[in-house]
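Report on the following structure.
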Amino acid sequence: MRTEETSVPGTPGVPDNVITTDGLTRSYGDGAGVFDIDLAVPRGRVFGLVGPNGAGKTTLLSVIAGMREAGRGSVDLAAGRTLLCPDVPDFEPWLTAAEVVRLSAEVAGVPVTGRDVADALERVGIPESADRRNGRFSRGMRQRLGLAAALVCRPDVLILDEPASGLDPQGRVDVLDLITSLRGECTIILASHLLGDVQRVCDDVAVLVRGRLVYQGPTAAIADQGRPNAWHVRVRGSAERLAQALREQDWVTRVAPVEEDCVYVEAVDAESGELGLPRLLAGSRTPLVSMNGFEADLESAFLSLTNRTDR
Amino acid sequence: MNATLYRLEATRLLRTHTLLLLVLAFAAFGAVGPLLVHFVEDLVRLADPQGELAGTDLGLPEMTAAEALGSHVELVAPLGVLLVVLVAATALTLDASPGRSVFYRSRVRGTARLILPRVALPALAAVFAHLVGALVAWGTTALLFGAPPLAAVLAGALLGGVYMAFAVAVVALSSALVRNTLAAVGLAVLVLVVFAGVGSLPFLAGWSPGALLQGLVLPAAGMPLTDLLPAVATTAVLTAGVLALALNRSAAREV
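So the sequence lines, in the order shown, correspond to chains A and B.
Position in the first sequence (first residue = 1) + 384 = my numbering.
Position in the second sequence (first residue = 1) + 4 = my numbering.
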């Protein structure tokens, strides 16, 4: 498994992890389950868990949340209240939204006032539905209600399983903003197949493939693996002249003019191109109009990791 | 004890009109049972208005208050108990929906805290409905056949309530074994039918939980309620055992 250094708050040199698993294994036979998971979730951060369908994300989250037993290994939970928000939340349909939120706090033993309930519903964007029975709520509204019901309990660790599923685009943005706003307030573990969402809000990420952890570390580091090493460089002047200059560079592996003022360039690696191209343009006093590479994204790195494991 | 979960179950019974429907059903059994007995001769003739029975003196024996109350019990035993099983199953199959299961199980520590309110309130509702049904049956019987002793009939109905609590405990166990509501109802009914079958064996009849439903009939038949003490003991022990097993199985369940 690949791991990257993670900068976390706490004592220097001693990672402040809220959840640590050691050799965690839960097998369902026929290769299903999770195996030898050594996970470290830093306190107060947003931690993403990604993986293909059937990779074992829900099993891992359920074991961490105490909903399932580990077959082997251990889970060290240095937190008070850990709550799991499932991908399809469900409540007694005859309760109003406000009653669900109040019930959530009361059964968890958290003191709650009417103000707390209203604040939680306000925070997830459904204050106007407080007195409506949730039985007729859309899936998206139920997702929001599930979040409100969790937030009112003031959890130390909040595990969100596909929190944006069933939400419209605006709802998705709202939920991601909400998750971002919770950073530092509690530790969040976010399982999602929407890699863009994970990249946007998660500080750290773990990649699970066929029940095994293949990567964990800062999201920026994994996304970095997807950095481009090819660009379209548009200049003011002749593309052919620039192409000629590029061919003389030892870090350039391929050059091809694509338009009169645009060149396609491939470098041996991302860093060589990122440093070499501006230096060459400045040295030849060629004005740069634009330089576009493939956008660095988690999806590229994820596909690279999962394909590597599948082989 | 978390009073919130008891309040939740009370709200379920009231807001979903479950308690009202249960009471109305048992009250209907209480009215219909004695009426069927009172009009049995007419009903037989109505079944064959042009046939041989029309002009025949059927010579049915004169019906009594005990038979009227017994008719009420004959409706309660299959239909009333089935309703109680359905009501209990709606409360106890909390794992039928994973989302709802996670909501409760990640917040409530201890299976007993979670399950016992879902047993207690439906059981109380069933006992209350059974008492109301017995009161209506007594009133109708008193009107048509003469009044049996009310206090003794209600005391007998309370013994029938012990059987209702047993039925709810059986639902708790079936809900801990299967997740689907319909499957839990089916399994509970199967268990109750098996108990009824075993209880019909002559040497076990006095110890059978099902015998408790006859509690409200005994006073009208001039028999003492103490005859049911063996059945009370069996049912109490079985209820406690079934409930303990249900809690054990529910605690072992994974979401």
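Every residue, glycine too, gets a C-beta built ideally from N, C-alpha and C.
Coil, strand or helix - residue i by DSSP
i, result
"Gly677 (chain A)", "strand"
"Ala127 (chain B)", "helix"
"Pro511 (chain A)", "helix"
"Glu569 (chain A)", "coil"
"Asn6 (chain B)", "coil"
"Arg499 (chain A)", "helix"
"Trp615 (chain A)", "strand"
"Arg526 (chain A)", "helix"
"Gln554 (chain A)", "helix"
"Thr20 (chain B)", "coil"
"Ala548 (chain A)", "coil"
"Gly150 (chain B)", "coil"
"Thr68 (chain B)", "coil"
"Pro602 (chain A)", "strand"
"Arg517 (chain A)", "strand"
"Leu479 (chain A)", "coil"
"Asn252 (chain B)", "helix"
"Arg695 (chain A)", "Because Arg695 (chain A) carries a pLDDT of 40, less than 50, the predicted location of this residue cannot be relied on, and the following value inherits that uncertainty. DSSP places Arg695 (chain A) in coil when its eight states are reduced to three."
"Ala492 (chain A)", "coil"
"Val472 (chain A)", "coil"
"Arg49 (chain B)", "helix"
"Val585 (chain A)", "helix"
"Val536 (chain A)", "coil"
Nonlocal neighbours in the same chain, by C-beta distance under 7 angstroms from residue i, ignoring five residues either side
i, result
"Pro477 (chain A)", "Arg517, Asn518, Gly519"
"Thr243 (chain B)", "Ala169, Phe170, Ala173"
"Arg584 (chain A)", "Leu560"
"Ala235 (chain B)", "Gly210, Trp211, Ser212, Pro213, Ala215, Leu216"
"Ser75 (chain B)", "Gly37, Pro38, Leu40, Val41"
"Val85 (chain B)", "Ala171, Leu196"
"Leu90 (chain B)", "Val189"
"Ala159 (chain B)", "Leu229"
"Leu181 (chain B)", "Leu191, Arg253"
"Ala249 (chain B)", "With the sequence shown as reference, residue 249 (chain B) is identified as Leu, and Ala is not the correct amino acid for it. Cβ neighbours of Leu249 (chain B) beyond the five flanking positions: Leu177."
"Ala100 (chain B)", "Arg183, Asn184, Thr185"
"Cys586 (chain A)", "Val430, Phe431, Gly432, Leu574, Thr603"
Own chain partners of residue i with C-beta closer than 6 angstroms, once the 5 adjacent residues on each side are dropped
i, result
"Ala3 (chain B)", "Examination of residue 3 (chain B) is not possible in this model, given that chain B is present from 5 through 259 alone."
"Val418 (chain A)", "Arg410, Gly440, Thr443, Leu444, Gly595"
"Ala133 (chain B)", "Leu26, Val27, Phe30"
"Gly677 (chain A)", "Pro612, Trp615"
"Leu408 (chain A)", "Ile421, Ala454, Gly457"
"Leu531 (chain A)", "Val508"
"Val136 (chain B)", "Val27, Phe30, Ala31"
"Val642 (chain A)", "Tyr648"
"Ala462 (chain A)", "Val402"
"Val460 (chain A)", "In the sequence on display, residue 460 (chain A) carries Asp and not Val. Cβ within range, chain order: Thr404."
"Ala81 (chain B)", "Leu217"
Contacts of residue i in chain A (Cβ-Cβ under 9 angstroms)
i, result
"Glu258 (chain B)", "Ser446, Met451, Arg452, Glu453"
"Asn6 (chain B)", "Glu490, Val491, Gly493"
Contact list for residue i against chain B, beta-carbon separation under 8 angstroms
i, result
"Ser488 (chain A)", "Phe107, Arg111"
"Leu467 (chain A)", "Ser110, Arg111"
Chain-order list of residues whose beta-carbon lies under 8 angstroms from that of residue i (same chain, five-residue window excluded)
i, result
"Leu47 (chain B)", "Leu40"
"Gln633 (chain A)", "Gly660, Leu664"
"Asp645 (chain A)", "Arg618, Val619, Arg620, Gly621, Ser622, Ala623, Val673"
"Ser110 (chain B)", "none"
"Thr637 (chain A)", "Glu650, Ala651, Val652"
"Gly203 (chain B)", "Ala209, Trp211, Ser212, Pro213, Gly214, Ala215"
Contact list for residue i against chain A, beta-carbon separation under 7 angstroms
i, result
"Gly103 (chain B)", "Pro470, Val472, Pro473, Asp474"
"Leu20 (chain B)", "For clarity, residue 20 (chain B) is Thr in the given sequence; the question names Leu instead. Chain A residues near Thr20 (chain B): Trp478."
"Leu12 (chain B)", "Leu487"
8 angstroms Cβ cut-off: residues of chain A touching residue i
i, result
"Leu9 (chain B)", "Val491"
"Arg16 (chain B)", "Glu476, Trp478"
CB contact below 8 angstroms: residue i versus chain C
i, result
"Arg122 (chain B)", "Although the question refers to chain C, the structure presented lacks it and instead comprises the protein chains A and B."
Item checked: Every unbroken alpha helix (DSSP H) within the stretch 407-465 of chain A, with a cutoff of 4 residues, ordered by chain -> 441-448
Item checked: In chain order, each beta strand (DSSP E) run of at least 3 residues that lies wholly inside the stretch 162-243 of chain B -> Uninterrupted beta strand (DSSP E) stretches at least 3 residues long and entirely within the stretch 162-243 of chain B do not occur.
Notebook entry, point to check: For the stretch 409-431 of chain A, which residues have a CB atom closer than 9 angstroms to at least one CB atom of chain B, in sequence order?
Noted result: Cβ contacts with chain B: none found.
Notebook entry, point to check: Which ranges does the alpha helix (DSSP H) cover as unbroken runs of at least 4 residues, wholly within the stretch 93-137 of chain B, from first to last along the chain?
Noted result: As summarised for the stretch 93-137 of chain B, the continuous alpha helix (DSSP H) elements at least 4 residues long and confined to that stretch are 102-109, given in chain order.
Checklist line | Every unbroken beta strand (DSSP E) inside the stretch 623-684 of chain A [3 residues or more] | finding: 636-643, 646-651, 672-677
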